[in-house]
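Protein chains: 2
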Amino acid sequence: MEGQNISDVIERYLKTILADSEHIEIRRSEIANLFDVVPSQINYVIKTRFTIQNGYLVESKRGGGGYIRIEKVNLLDDIDVLNSLIKVIGTSISERDAVSIIQTLYDENVVSRREADLMVVAIDKSTYSISDRQLEDALRANILISLLNRLRYES
Amino acid sequence: MEGQNISDVIERYLKTILADSEHIEIRRSEIANLFDVVPSQINYVIKTRFTIQNGYLVESKRGGGGYIRIEKVNLLDDIDVLNSLIKVIGTSISERDAVSIIQTLYDENVVSRREADLMVVAIDKSTYSISDRQLEDALRANILISLLNRLRYES
DNA sequence: CATTCTTTGACTAATGTTGACTAATATTAT
DNA sequence: ATAATATTAGTCAACATTAGTCAAAGAATG
C-alpha cells in the first residue's frame with residue numbers, strides 16, 4: 001500500500017488538484033502548514049515526484065508574493081529516442097559526438113533545422129572559452145542533456 | 001495566480017497602458033500614491049521590469065514638472081538589434097536579464113516559441129552546475145551571444 | 001543489517017518593501 | 001543675475017518575505 005508516509009499524501013493532494021486544472025500554484029509554507037511538515041519537505045516531494053520524466057514542470061519565485069507552480073505537460077512521442085541519447089551522453093561528451101547526436105535529432109525530425117543550428121551553437125567548443133577539456137566536455141553534457149529534456153514535452 | 005506582490009501589479013498597470021500608447025509619462029509620486037507604496041518602489045519596478053533587455057527605454061527629469069517616461073522600443077526596426085543586444089550583454093549577464101532578452105526576441109517574432117524555449121534552457125543556471133556566480137554569468141554571456149550571432153544567418 | 005527513502009532544521013539565496021538621504025531642476029525672492 | 005527655496009526623481013542599505021540546499025537523523029524496506 002502506498003500512502004503510509006506524509007510525502008505520498010502530499011503528492012496525492014497535489015495530483016488530485018492537477019487532475020482538474022492544468023497547473024497549480026502554491027505557497028510553500030501554506031502546504032507545509034496544511035500537512036504539518038517543515039517547508040523543505042515540499043521541495044522533497046516535488047523533487048522526487050514531480051519530475052519532468054513524470055510529465056511535470058515546476059517553476060518558482062522567491063520573495064514577497066513568491067510561489068511554486070507545478071504544471072502538467074504533454075509528453076511527446078520521442079521519449080524513447082531521447083532517453084537513449086541521454087544515456088549515451090552520460091556525464092561527458094565531445095563536441096563531435098554532440099554534433100552527431102543533434103544530427104540524429106534532425107534526421108529523426110525531432111527538431112527543425114533552425115533548432116538544430118541553435119543547439120549546435122550551444123554546445124560549440126568556441127562558445128565556452130574554457131581551456132580545460134574535461135570541464136568543457138562535462139559542461140557540454142549538462143547542456144545537451146538539458147536541451148534534450150526540454151524536447152520531451154511541448155508548451 | 002502569479003503577481004501577488006505589488007511590484008507585479010504596478011508592472012501590469014504600466015504595461016497595460018503601454019499596450020495602447022507608444023510611451024507613457026508618469027509622475028512618480030502619483031503612481032506611488034495610487035498603489036500606496038513609497039515612491040522609490042516605482043524605481044524598483046522600473047529597474048527590474050522595464051529594462052532595455054525587455055525592450056523599454058526610460059528617461060526622467062527631476063524638479064518641478066518632473067516625470068518618468070517609459071517608451072516601448074521596437075528593437076527590430078533597428079537593423080542593429082542584435083548588435084545592441086550583444087552590447088548590452090557584454091561579458092556577463094544574469095539569468096533574469098538573459099531570459100528577458102529571449103522573451104523580447106520571441107515577442108518580436110525573431111524566434112519561435114520552441115526556439116526560445118531551447119535558448120532559455122541553454123542559459124539556465126541549473127544546467128551549468130557551476131557554483132561560481134561570476135563564471136556562471138560569464139559563461140551565460142558567451143552562450144547567449146553565440147546564439148544571437150547564429151540568428152544573423154538565415155537557414 | 002545494509003540500503004534506500006523520508007523527515008527535519010539550520011543555513012543560503014532570491015526577490016520585494018521601506019525610508020533616509022542625495023541630486024537635479026524649477027520657481028521665487030532679493 | 002544670484003541665492004534661497006520648493007519640487008521633483010535617484011540611490012542605497014536595512015529589513016521583510018518568500019523558496020532552495022544540504023546534510024544529518026530517523027524510518028522503512030528487503
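The listed protein sequences correspond, in order, to chains A and B.
Counting from 1, position 142 in the first sequence corresponds to residue 142 in the UniProt record's numbering; the numbering is continuous, with no gaps.
Counting from 1, position 89 in the second sequence corresponds to residue 89 in the UniProt record's numbering; the numbering is continuous, with no gaps.
Cβ atoms here follow ideal geometry from the backbone N, Cα and C, with glycine treated the same way.
The model shown is predicted, which means the values in this text are computed figures rather than measured ones.
For L75(A), which three-state DSSP category applies? Here residue 75(A) refers to the residue found at position 75 when the first sequence is read from its first residue. In this structure, L75(A) counts as strand in the three-state DSSP scheme.
Using the rule of at least 16 other Cβ atoms within 10 Å of the residue's Cβ for burial, across every protein chain shown, is T104(B) buried or exposed? Within the second sequence, residue 104(B) is the residue found at index 104, counting from 1. The residue is buried, with at least 16 neighbouring Cβ atoms inside 10 Å.
Segment contact flag, the stretch 46 to 53 of chain B with the stretch 115 to 124 of chain B, C-beta cutoff 8 Å, min 3 pairs: no
If you drop the 5 nearest sequence neighbours on each side, which residues of the same chain put their C-beta closer than 8 Å to that of E22(A)? On the first sequence, residue 22(A) is found 22 positions in, with the first residue counted as 1. Correct list, in chain order: E71 and K72.
Looking at the C-beta of V58(A), does it have a partner C-beta in chain B at a distance below 8 Å? In the first sequence, counting from the first residue as 1, residue 58(A) sits at position 58. Chain B, which has no Cβ nearer than 8 Å to the Cβ of V58(A), makes this no.
For L151(A) versus D78(A), is the C-beta spacing smaller than 8 Å? Position 151 of the first sequence, counting from 1, holds the residue named residue 151(A). Position 78 of the first sequence, counting from 1, holds the residue named residue 78(A). Cβ distance < 8 Å, so L151(A) and D78(A) count as in contact.
Are L139(A) and I86(A) closer than 8 Å when you measure CB to CB? The sequence position of residue 139(A) within the first sequence is 139, counting from 1. The sequence position of residue 86(A) within the first sequence is 86, counting from 1. Contact flag unset, no.
Identify, in the order they occur along the chain, each residue of the same chain with its Cβ nearer than 7 Å to the Cβ of I93(A), setting aside the five sequence neighbours on each side. Counted from its first residue, the first sequence places residue 93(A) at position 93. Closer than 7 Å at the Cβ level, and outside the excluded window around I93(A), lie D137, R140, A141 and L144.
Under 8 Å between C-beta atoms, does R150(B) make it to chain A? Counted from its first residue, the second sequence places residue 150(B) at position 150. Yes, R150(B) counts as interfacial toward chain A.
Could you give the DSSP three-state label for I24(A): helix, strand or coil? One-based indexing of the first sequence puts residue 24(A) at position 24. Strand, per DSSP.
From Q41(B) to Y106(B), what does the alpha carbon distance come to, in whole angstroms? Residue mapping note: residue 41(B) aligns to position 41 of the second sequence, counting from 1. Residue mapping note: residue 106(B) aligns to position 106 of the second sequence, counting from 1. Cα to Cα, the separation comes out at about 28 Å.
Less than 8 Å between the beta carbons of I46(B) and I31(B), yes or no? In the second sequence, residue 46(B) corresponds to position 46, counting from 1. In the second sequence, residue 31(B) corresponds to position 31, counting from 1. Taking 8 Å as the Cβ cut-off, I46(B) and I31(B) do not qualify as a contacting pair.
Counting only Cβ pairs nearer than 7 Å, list the residues of chain A close to T127(B). Start at 1 with the first residue of the second sequence, and residue 127(B) comes out as number 127. N142, I143 and S146, listed in chain order.
Whole-angstrom distance between D124(A) and G66(B), CA atom to CA atom: As a position in the second sequence, residue 66(B) is number 66, starting the count at 1. As a position in the first sequence, residue 124(A) is number 124, starting the count at 1. Each residue's alpha carbon lies about 49 Å from the other.
How about residue 156(B) and V121(A): are their beta carbons less than 8 Å apart? Chain B is shown only over 1 to 155; residue 156(B) falls outside these bounds and no answer can be derived.
Here's a check: name, in chain order, each residue in its chain whose Cβ is nearer than 7 Å to the Cβ of F35(A), leaving out the five neighbours to either side. Here residue 35(A) is taken as the residue at index 35 of the first sequence, counted from 1. Here the set comprises I6, V9 and I10.
Three-state secondary structure assigned by DSSP to E108(A): Your numbering for residue 108(A) matches position 108 in the first sequence. Correct three-state label for E108(A): coil.
Taking the alpha helix (DSSP H) that Y56(A) falls in, what are its first and last residues? Here residue 56(A) is taken as the residue at index 56 of the first sequence, counted from 1. Unbroken run through Y56(A) is the beta strand (DSSP E), Y56 to K61; no alpha helix (DSSP H).
C-beta neighbour in chain A for V121(B), strict 8 Å: Here residue 121(B) is taken as the residue at index 121 of the second sequence, counted from 1. Yes, V121(B) counts as interfacial toward chain A.
Please report the straight-line C-alpha distance between T91(A) and N109(B), rounded to a whole angstrom. Here residue 91(A) refers to the residue found at position 91 when the first sequence is read from its first residue. Here residue 109(B) refers to the residue found at position 109 when the second sequence is read from its first residue. Going by the C-alpha atoms only, they are around 35 Å apart.
Alpha carbon of L18(B) to alpha carbon of I24(B), nearest angstrom: Sequence index remark: in the second sequence, residue 18(B) carries index 18 (1-based). Sequence index remark: in the second sequence, residue 24(B) carries index 24 (1-based). Approximately 6 Å, taken between the alpha carbons.
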